[in-house]
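Here the structure comes first, spelled out in structure tokens, and everything after it is commentary.
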Amino acid sequence: MNRNIGDTFLWTSYWNGIGNCLRCDGATYSADTYGQLAAAIGAEPSDSTGINFTVPNLISSAPANLVPYVVATGTFPSDHPVPVPNYRLVDDHNVGEVVYSSEASPPSGWALCDGSLIPLSQNPTLYSLLGTAFGGDGRKNFALPTVSGAFIALTGIYPNRE
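Shown next, in the form of structure tokens:
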């Protein structure tokens, strides 16, 4: 994916099939497997052996019904020695991914997270991920999440269910 290790984003589910990403839920991982992520986020070892580290737990700070993820493998960031979470639009994204942006309007393939009702017939793929978690009747329409300053991906990679 076209992201830096340590970039964070929000998504609409607890699915595990989001490519090279891990949930920001305070879980412990092996530095042997995710050593670059541990370095990128400045993680301290979580046990006396020094081979495990814990990802930040951002679940409680995420907007309702959205889950924070961190990019675990990929390109190591070169612009920051220890990057802070970087919510940004990327070229390679998942349907249903939510990102913060300073742009006034969303680019093609994205929509403003303003709680709008979307006809089911207009975007059945996104509906298969969101259902009526954010509103709508589930027959003719469904609602986008309401997250100030954020966009949701209407197109992109459909994540695998694992």
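Everything in the sequence shown is counted per my numbering, starting at 10 for the first residue and increasing by one. Ideal Cβ placement from N, Cα and C applies to all residues, glycine included. Source: prediction; values computed, not measured.
**Report entry** Other residues of its chain near Asn61: CB distance less than 8 Å, five sequence neighbours each side excluded
**Finding:** Taken in chain order, the residues that qualify are Thr37, Tyr38, Ser39, Ala40, Pro54 and Ser55.
Requested in this report: Take Thr84 as the anchor and find which of Asp16, Thr134, Trp119 and Ser114 has the nearest alpha-carbon.
Outcome: Checked all of Asp16, Thr134, Trp119 and Ser114; the closest Cα to Thr84 is Asp16.
Query - For Leu31, the residue or residues it bridges with in DSSP - result: Leu31 is bridged by DSSP to Val79.
Report task. Provide the residue(s) that pair with Trp119 in DSSP beta bridges, ordered along the chain. Result -> Its beta-bridge partners are Ala162.
Query raised in the report: For Thr82, which option in Ser111, Ser125 and Cys30 has the closest C-alpha, if you only look at C-alpha atoms?
Result: Measuring C-alpha to C-alpha distances from Thr82 to each of Ser111, Ser125 and Cys30 identifies Cys30 as the nearest.
Query raised in the report: When DSSP labels each residue in this structure, what does Pro128 get in the three-state scheme?
Result: In this structure, Pro128 counts as strand in the three-state DSSP scheme.
Query - Range of the contiguous alpha helix (DSSP H) that encloses Leu19 - result: From DSSP, Leu19 is part of no alpha helix (DSSP H) but of the beta strand (DSSP E) over Thr17 to Trp20.
Query raised in the report: Do you know how far the Cα of Ser111 is from the Cα of Leu153?
Result: Across the structure, Leu153 and Ser111 are spaced so that their CA atoms are roughly 19 Å apart.
Requested in this report: May I ask you to report which of helix, strand or coil DSSP gives Tyr176?
Outcome: There is no way to answer for residue 176, as the model of the chain reaches only from 10 to 171.
Requested in this report: Tell me whether Tyr43 is buried or exposed, calling it buried when 16 or more other Cβ atoms sit within 10 Å of its Cβ.
Outcome: Counting Cβ neighbours within 10 Å, Tyr43 comes out buried, since at least 16 surround it.
Requested in this report: May I ask you to report which of helix, strand or coil DSSP gives Thr134?
Outcome: In the structure shown, the three-state DSSP call for Thr134 is helix.
Query - Own chain residues within Cβ distance below 8 Å of Gly118, not counting five before or after - result: Excluding positions up to five away in sequence, the list reads Ala162, Leu163, Thr164 and Gly165.
Query - Segment contact, 8 Å Cβ cut-off, at least three pairs: the stretch 121-129 with the stretch 140-156 - result: With the rule of 3 Cβ pairs closer than 8 Å, the stretch 121-129 counts as touching the stretch 140-156.
Query raised in the report: Who are the near neighbours of Tyr78 in its chain, counting only those whose CB is closer than 8 Å to its CB and skipping five residues on each side?
Result: Hits under 8 Å: Thr17, Phe18, Leu19, Trp20, Ile27, Cys30, Leu31, Arg32 and Cys33.
Query raised in the report: Given that a residue counts as buried once 16 or more other Cβ atoms are within 10 Å of its Cβ, and exposed if not, what is Asn103?
Result: Asn103 is buried by the Cβ-count criterion.
Query raised in the report: Whose CA, out of Thr58, Gly35, Val80 and Ala47, lies closest to the CA of Ile68?
Result: Residue Gly35 holds the alpha-carbon nearest to the alpha-carbon of Ile68 among Thr58, Gly35, Val80 and Ala47.
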